[in-house]
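Residue numbers (UniProt numbering): 1 to 725.
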């Protein structure tokens, strides 16, 4: 209900801005500009609330609701004033209706827009609303830190076992915080990344306009962005990569827009986008650096040195204003503004490379590009991997050199939402970029691609290679979508209609088959399509062994081992033979788990654990032992595990607010103001029985239950004791 206040504020602001831009830019450009600027303005509004109210320890649902009520009234008043002055209600209605009906747009383009809405955008929106936040990183630090902010009523650092909850960039979580404040749950938490996807699609299409593309080319660029595979996964999560990508591509667009139509407001949107992008994820600054240098040169060239100096001063001040509170919290906790010092006990990762050299840079550029060449065909992947390894032998650099790599390099195809490759877009960009550069002219597009590529090189040269980096490459692919669309329209003179139809089909498999939010059992359908049969199967009991022998005897041979009764395929089978075997396996429910794999059939509690289901298997049996007397639950873990998924599943079964927090943490946090706040609990969740024996007196325990790696302890009396080490 209260979330509607934010929507009212955003909608009213967008309509007011539309009334200002429509006459000069036309309705389609005006509505996109207004949408982007409204997103940036509301980012500012959220930042101001968070920092100001945090200072007074007043981040609460009540203050947030009052704040957004004031914003809704203020923007509503602005809209009322605008409708009385600049534009009539009837004119505004006609313009908005025309946009929704896509008037003055050809039939094919209209078909592509409506088809994209039905097949991609609306299903993603439904998933974002229906599916609970179940991203692995979100559970361990993105959302766990939000729970601490809500409990402490401020943004100050807190005692934790997971240090990334403190020093990793925070702006995406600043946004998500407001869904909790206004709704009281995580029901709408996924909407912020979904909104960032819409903003990125709009910004990419407008950037195409800066290169001179017609509305068809702009539409193609936007569709390419909307169908980016890793983006399809990210758009329904509480990760931060799409939010970061949105601010990056908005920065690039407003930079180009300023060079064409210089106004101080346009420059302000450009700088705000850059700073908020860095505040969301530092990697954005490296992708943005070539564009920063280019814009700086052009501003000095066109506007003069003094204007350029003023812009630099404004940018530095803006960085200082936005980053200062966060840096001060880091300094208070670590004695360093960025992260724990390298020799500190709190250090848990080192992401920047240890050494710089040209061969090392080439190595990481190739490996990062290699994340986007995988296909669901292993012989091809192994061949591609051997080619990359051969290039590294020529470079004289080990393939997984520790100085520049956190992970071992492999070429693979994944449907995991943090590491899915953009294979189609990568090869499309490779082909279109080659076509572009072999044609004369088109210098603006070539320069834009060069700047984007240089940003990719800066990123690859600065940060160690990780298998999870495909999502951090989204800024590069956002530029790539513009370049591919430009090449299709300006060079090849094609609309890309059939290309888009292929993209929609591929995108639909991702939307419906996301393993973390599976709607249709795509794994089962895929296995059925290719007639997949396992090379071996093992029986769990005598009855199953007899069933296997009866049904599968002609096709599988018994191969008993010391630990299981297994059956291996007798030989390689043709496709038609595999179809027969598949149906026999299906008849004995071998594929039952794959067939029932859908978020529509899961409980919400189980859906929280979709990306790490083994933890649910351990945790679910303990939930019935948490009684109605539960006050709070202390986390006593021996590792850096987060707890959002545990808290969420438990919150579904209790009828009053509960809190989870660490009662055992590093002694370095003991002097933090939030560490001195009392946290009392009557249950403890732990993964280490030795900690229980060391820290909890036996006569304080009412009962104790274990399941898998987890142990739940019910205390006789509530405790406020914390333990530092």
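Backbone N, C-alpha and C fix where the C-beta goes; we use that ideal spot for every residue, glycine too. All figures in this text were calculated on a predicted structure; none of them were measured in a lab.
8 Å Cβ cutoff met for residue i and residue j
i: residue 287; j: residue 270; result: no
i: residue 555; j: residue 570; result: yes
i: residue 644; j: residue 144; result: yes
i: residue 604; j: residue 652; result: yes
i: residue 642; j: residue 141; result: yes
i: residue 392; j: residue 363; result: yes
i: residue 568; j: residue 574; result: no
i: residue 504; j: residue 170; result: no
i: residue 250; j: residue 40; result: yes
i: residue 674; j: residue 157; result: yes
i: residue 654; j: residue 692; result: no
i: residue 715; j: residue 683; result: yes
i: residue 200; j: residue 242; result: yes
i: residue 238; j: residue 133; result: yes
i: residue 598; j: residue 518; result: yes
i: residue 389; j: residue 399; result: yes
i: residue 528; j: residue 582; result: yes
i: residue 806; j: residue 510; result: In this structure the chain extends from 1 to 725, so residue 806 is not present and cannot be described.
Reduced DSSP secondary structure (H/G/I, E/B, other) of residue i
i: residue 640; result: coil
i: residue 30; result: helix
i: residue 713; result: strand
i: residue 724; result: strand
i: residue 542; result: helix
i: residue 507; result: helix
i: residue 65; result: helix
i: residue 718; result: strand
i: residue 677; result: coil
i: residue 424; result: helix
i: residue 352; result: strand
i: residue 612; result: coil
i: residue 53; result: helix
i: residue 334; result: helix
i: residue 558; result: strand
i: residue 468; result: coil
i: residue 463; result: strand
i: residue 533; result: coil
Boundaries of the alpha helix (DSSP H) in which residue i is found, first to last residue
i: residue 206; result: 191 to 210
i: residue 403; result: Premise fails: residue 403 is in no alpha helix (DSSP H) and is neither H nor E.
i: residue 273; result: 264 to 280
i: residue 290; result: 283 to 303
i: residue 178; result: 171 to 183
i: residue 669; result: Counting along the chain, residue 669 falls outside any alpha helix (DSSP H), and DSSP gives it neither H nor E.
i: residue 218; result: 215 to 226
i: residue 480; result: 474 to 486
i: residue 230; result: 229 to 234
i: residue 259; result: 241 to 260
i: residue 6; result: 3 to 25
i: residue 496; result: Neither: residue 496 is in no alpha helix (DSSP H) and is coded neither H nor E.
i: residue 527; result: 522 to 530
i: residue 238; result: Note, residue 238: premise wrong, no alpha helix (DSSP H); not H, not E.
i: residue 593; result: 592 to 595
Boundaries of the beta strand (DSSP E) in which residue i is found, first to last residue
i: residue 569; result: 565 to 569
i: residue 580; result: No beta strand (DSSP E) holds residue 580; the alpha helix (DSSP H) holding it covers 575 to 587.
i: residue 687; result: That residue, residue 687, is in no beta strand (DSSP E); it is neither H nor E in DSSP.
i: residue 701; result: 701 to 707
i: residue 662; result: 659 to 662
Sequence-distant residues of the same chain with beta carbon closer than 6 Å to residue i, five excluded per side
i: residue 308; result: 299, 300
i: residue 275; result: 318, 319, 322
i: residue 515; result: 415
i: residue 51; result: 325
Beta-carbon contacts of residue i that lie in its chain and below 7 Å, excluding the five residues immediately before and after
i: residue 361; result: 457, 460, 461
i: residue 539; result: 545, 548, 565
i: residue 153; result: 57, 58, 59, 60
i: residue 708; result: 617, 618
i: residue 311; result: 267, 299
i: residue 14; result: 34, 35, 38
Nonlocal neighbours in the same chain, by C-beta distance under 8 Å from residue i, ignoring five residues either side
i: residue 331; result: 337
i: residue 726; result: Since the first residue shown for the chain is 1 and the last is 725, residue 726 is missing from the structure and cannot be characterised.
i: residue 395; result: 359, 362, 363
i: residue 346; result: 163, 334, 340, 666, 668
i: residue 625; result: 703, 705, 712, 714
- Task: Taking only runs that begin and end inside the region 366 to 400, name each unbroken alpha helix (DSSP H) of 4 or more residues, in chain order.
- Result: Correct list: 378 to 395.
- Taking only runs of the alpha helix (DSSP H) that begin and end inside the region 99 to 162, which ones reach a length of at least 4 residues, in chain order? Qualifying alpha helix (DSSP H) stretches, in chain order: 107 to 116, 122 to 130, 143 to 152.
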